[in-house]
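Q: Residue numbers (this note's numbering): 874 to 1326. Here a beta-carbon is modelled for each residue, glycine too, at the ideal position from N, C-alpha and C. This is the structure, below, for whatever I ask next.
Structure follows, in structure tokens:
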């Protein structure tokens, strides 16, 4: 039975990897295709995946649309893409439609269109999230402080509201995380609000090495506090004690056994130690208060310890925004991702960051599966993130990548002549070697970081 369970587990990983990657690759290649058609370039093949065709369709423009055996990318094959000799090209029916017979700027626009399409997809998905689901907005109120942590030693207290960090205005706990992520600090200056008084407090964070969810190691500013997460139910698992008692999505847990529950931590701590004991819940549903009686199930955690669970998941607080704000927020998200990705690449190259932060197909499969099983917002956000990263990487000035082609065509434009056929073949060969090497590195790096380590 365990064999079938593991088999299903791996099939699920593969499915979500193929699903996510195929969407992103399709948009990327469609960008190339669309701008090529605008420039009257004949397109022979539009393929999702490599290798032999599984399914195909030939449209009225004689372009073959196909899904191929190996779903590790895709391509658009233009007529005359591989530098045809002019004598031969003139005899061809589509001489004017050949890719290499277009102007340098036309060719540059075609290769640039793929990455731009990925950027547009990422921004569009963020806009959808912000309009229909809202943006993460956890109030900058401290909900818990660990004993003897830097925050505790500095004198921060539960329910303190963070106003400023190192002079930067804090509107939400997302701003707190962003500030802590900027750099490793010796001291962080806080301005907090406590009982209508504003207080300045200096906190000396600990430098702490952690394992991230992708398997890499990273040094962080450890503060020892967390936000006040309100106990808003996002999912009630079918057949669970909470489900059987009538709890629903979007319920807010107000009290348990007459004890006020302001945070998720408080709810979990009560349920955890009351397995097989009936608990009286007071919940708020659409401004109406409802009493429920729930008996937590007894389960064992990963350490073999007993704990109670009722079968619910909690939601992060989200704040819906208007269209204009959604567009601005999405563009800001896009720019932040670009900036952080470039910084990460430079730091990895110079050994300042863990090589395990580089991910390949195994990491994409793992994270895709995790996000798909978490919630729709996380899953859509992942597609947006990978799409933007793929677009950026494709712009790197390496042979065979879009960036390499783009700068080649800009060079042609500046010199007012095409590069030679010999140079083009040499350029492509170097590119193929680099890309294949990077693919092998990402796969072996995945195996080392995500499986062996």
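Taking the beta strand (DSSP E) that residue 1284 belongs to, which residues open and close that run?
A: It is not in any beta strand (DSSP E) - residue 1284 instead sits in the alpha helix (DSSP H) that spans 1275-1288.
Q: Roughly how many angstroms lie between the CA atoms of residue 962 and residue 1222, to the nearest whole one?
A: A caution first: residue 962 carries a pLDDT of 49, below 50, which makes its placement in the model too unreliable to give a value.
Q: For residue 1185 and residue 1114, what's the separation of their Cα atoms in angstroms?
A: 9 angstroms
Q: Would you report the Cα separation of residue 1046 and residue 1011, rounded to the nearest angstrom?
A: 5 angstroms
Q: Just how far apart, CA to CA, sit residue 1111 and residue 931?
A: 46 angstroms
Q: Looking at the ligand SAM, does it come within less than 7 angstroms of residue 1033, judged from the CB to the closest heavy atom?
A: Absence of the ligand SAM is noted for the structure shown, with no ligands found whatsoever.
Q: Taking the DSSP output, what are the residues bridged to residue 1128?
A: DSSP output for residue 1128 lists 1133, 1155 as bridge partner(s).
Q: Mind the definition here: the stretch 1159-1166 touches the stretch 1046-1064 only if three or more C-beta pairs lie below 8 angstroms; say whether that holds.
A: no
Q: Please return the same chain residues whose Cβ sits closer than 6 angstroms to the Cβ of residue 1278, not counting the five positions on each side in sequence.
A: 984
Q: Rounded to a whole number of angstroms, what is the C-alpha to C-alpha distance between residue 1322 and residue 1248?
A: Cα to Cα, residue 1322 sits roughly 26 angstroms from residue 1248.
Q: Excluding the five sequence neighbours on either side, which residues of its own chain have a C-beta within less than 7 angstroms of the C-beta of residue 1192, listed in chain order?
A: 1007, 1008, 1010
Q: For the putative contact between residue 1074 and residue 1027, defined by C-beta atoms under 8 angstroms, what is the C-beta separation to the nearest angstrom?
A: 5 angstroms
Q: For residue 1249, would you say it is in contact with chain B, using Cβ-to-Cβ distances shorter than 8 angstroms as the test?
A: Protein chains in the displayed structure number just one, and chain B is not present.
Q: Compare the C-alpha of residue 1268 against each of 1211, 1182, 1197 and name the closest.
A: 1211
Q: So residue 1308 is in the alpha helix (DSSP H); what residue range does that whole segment cover?
A: Taken as a continuous stretch (DSSP letters only), the alpha helix (DSSP H) holding residue 1308 covers 1294-1319.
Q: I need the boundaries of the alpha helix (DSSP H) containing residue 1247, first residue and last residue.
A: Unbroken run through residue 1247: none, as it is neither H nor E.
Q: Between which two residues does the beta strand (DSSP E) carrying residue 951 extend?
A: 937-951
Q: Between residue 1121 and residue 979, what straight-line distance do the alpha-carbon atoms span, to the nearest angstrom?
A: CA-to-CA, the gap between residue 1121 and residue 979 works out to about 56 angstroms.
Q: In angstroms, rounded to a whole number, what distance separates the CA positions of residue 975 and residue 947?
A: Distance between the alpha carbons of residue 975 and residue 947: 23 angstroms.
Q: Just to confirm, are residue 949 and residue 886 a CB contact at a threshold of 8 angstroms?
A: Cβ atoms of residue 949 and residue 886: not closer than 8 angstroms.
Q: For residue 1058, which residues from the same chain have a beta carbon less than 7 angstroms from its beta carbon, with the 5 sequence-adjacent residues on both sides left out?
A: 1078, 1094
Q: Please state the DSSP three-state secondary structure of residue 1193.
A: coil
Q: Per DSSP, which residues does residue 1105 bridge with? Please list them.
A: 1125
Q: Would you mind sorting residue 1139 into buried or exposed? The rule is 16 or more other CB atoms within 10 Å of its CB.
A: So residue 1139 ends up on the buried side.
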